[in-house]
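Presented below is the structure to which this report refers.
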Amino acid sequence: KNGVGFDGSSVVGFSSSGKSDLIVKPDIETAHLDRLSEIRTLSFLGNIYNTDGTRFKMDPRYILEQTINYLKKQKICDKVKFLPELEFYIFRNIEVSNDKLNTYVRIDSDEQDIFKSYGGKSYHADAPRDLYFNFRSYACELLEEMGIKVKYHHHEVGRYSQHEIELQFDTALKTADNIQIAKYYLKNLALNNDLILTFMPKPIYNEAGNGLHFHQYLEKDGVSIFGDKKNILSDIGLNYIGGIIKHGRSIAAITNPSTNSYRRLNSGFEAPVNLQYSEGCRETAIRIPAYIKDIKSIDIEFRPPDATSNPYLAITSMLLAGIDGIKNKIDPGTPAVYGRSYKRVKRIPLNLDEALSELQRDNKYLTDTGVVDGEFIKKWIEIKRIESATVSFHPHPFEFEIYF
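Per the working numbering, residue 903 is the first one in the sequence shown, and the count goes up by one each step.
In structure tokens:
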């Protein structure tokens, strides 16, 4: 009831040491038995409070709750639904060194030789080539037991053991919670099996990267309001897309908040770098699934995000950009056609610093709602710029190949 006190200054971005006391209270609705703990353990997600009993405004979970409340006040829809696709690699071992005289990464994959004779093709591979089918099946059973509904799982494009688990549609807050819980259990299940599981966007050069695609739609009276009998996409759906495209470059600072994120967001490997929308094309930032024929179920898929993002903040940024599009009737333009070249197409930023500059320039769709505090944006940019600078100051092994 009273929660547990903790030192907020020990959590990056939360508070200074001069005013550091915060309280975390468990959200009873998130209670679940930890199936991987040796000792019977009941786990919760929590909400963060100030010592005076008010909610802590920097808590990402609180920010998403406020976003949902803001959406309800707009009376555009009854609910908002999200479906995440979690992509990850499973490695046998990894060695990393950043000492003064040793800078290297060595990765061992149990599947590194399997797909050589298949032209490197591993998408939806089956047994015996898919070595971790049973791992994924067991992981999905664990998630289902905890109330996290799974749509399916499969081997992904990456030939060095890349995989995907796709969850079912759920509410915005539940989706973010599910992502956090799923990542925790997947990583720990791998460790229990002497494996290393990573959601890192681009762990291997010139191979497929890991995304965290978000399917999403607004729901009213039990159906998607993105659908339209005549045009497939309704005006609301188009305007929602328009908002995301307009703010897409600043959204990237939140949905792709690591330097490694932009190694994935390069041309090739279906990288969704162009801020356009299309039906079926996976190289645009927004895809309208062509296999959905029931307009009552129409959703859009925003493909750039990755799992280095905080899901509460990622969903917040997408929602508020989409709502800005609806309120201001933003036109997304004509849909892209695969194979056709386009002039003056906006694209995702080339690196984290560029994305942070875009967020600094374009954040009113977040702050003017009263949902996201300006101080949060300032702190986020400050922390991420330090992170980016730290990475850039380290000599890269490839530099030795071309400059030494």
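Ideal Cβ placement from N, Cα and C applies to all residues, glycine included.
The model shown is predicted, which means the values in this text are computed figures rather than measured ones.
For residue 1185, there is no enclosing beta strand (DSSP E), as DSSP marks it with neither H nor E.
Contact annotation: the stretch 1087 to 1095 touches the stretch 935 to 952, with at least three C-beta pairs closer than 8 Å.
Linking residue 1258 to residue 1126 through their CA atoms gives a straight-line distance of about 33 Å. At the C-beta level, residue 1098 and residue 1048 stay beyond 8 Å of one another. Shown here for residue 1120: same chain residues with a beta carbon closer than 6 Å to its own, the five before and five after excluded, namely 979, 982 and 1127 in chain order. By the Cβ test, the stretch 908 to 923 is not in contact with the stretch 1049 to 1066, since fewer than three Cβ pairs between them sit closer than 8 Å.
With contact defined as three or more Cβ pairs closer than 8 Å, the stretch 1226 to 1239 and the stretch 1157 to 1166 are not in contact. A distance of 8 Å or more separates the beta carbons of residue 1053 and residue 1043. Residue 1112 is not a Cβ neighbour of residue 1204, given a cutoff of 8 Å. Inclusion of residue 952 and residue 946 in the CB contact set at 8 Å is not warranted, their separation being larger than that value.
Beta-bridge analysis with DSSP links residue 1037 to no other residue. Judged by DSSP in its simplified three-state form, residue 1283 adopts helix.
Looking at the backbone, the Cα of residue 987 and that of residue 1189 are separated by about 14 Å.
DSSP places residue 1014 outside any beta strand (DSSP E), giving it a letter other than H or E. Within the stretch 1114 to 1152, the complete alpha helix (DSSP H) runs of at least 4 residues fall at 1137 to 1148.
Between the stretch 1075 to 1082 and the stretch 1174 to 1183, the count of Cβ pairs shorter than 8 Å is below three; the stretches do not touch. Within the same chain, and ignoring the five residues on either side of residue 1070 in sequence, the residues whose Cβ sits closer than 8 Å to its Cβ are 985, 1051, 1052 and 1053. Under DSSP, no beta-bridge partner is assigned to residue 1020. Take the alpha-carbon of residue 1015 and the one of residue 1058: they are about 16 Å apart.
Our two residues, residue 1003 and residue 1106, have alpha carbons roughly 22 Å apart in a direct line.
Excluding the 5 residues flanking it on each side, residue 1249 has same chain C-beta neighbours closer than 7 Å at 1175, 1176 and 1177, in chain order.
Per DSSP, the beta-bridge partners of residue 925 are 907 and 951. Residue 1025 counts as exposed, since fewer than 16 other beta carbons sit within 10 angstroms of its beta carbon.
Under the DSSP assignment, residue 986 falls in the beta strand (DSSP E) whose first and last residues are 981 to 993.
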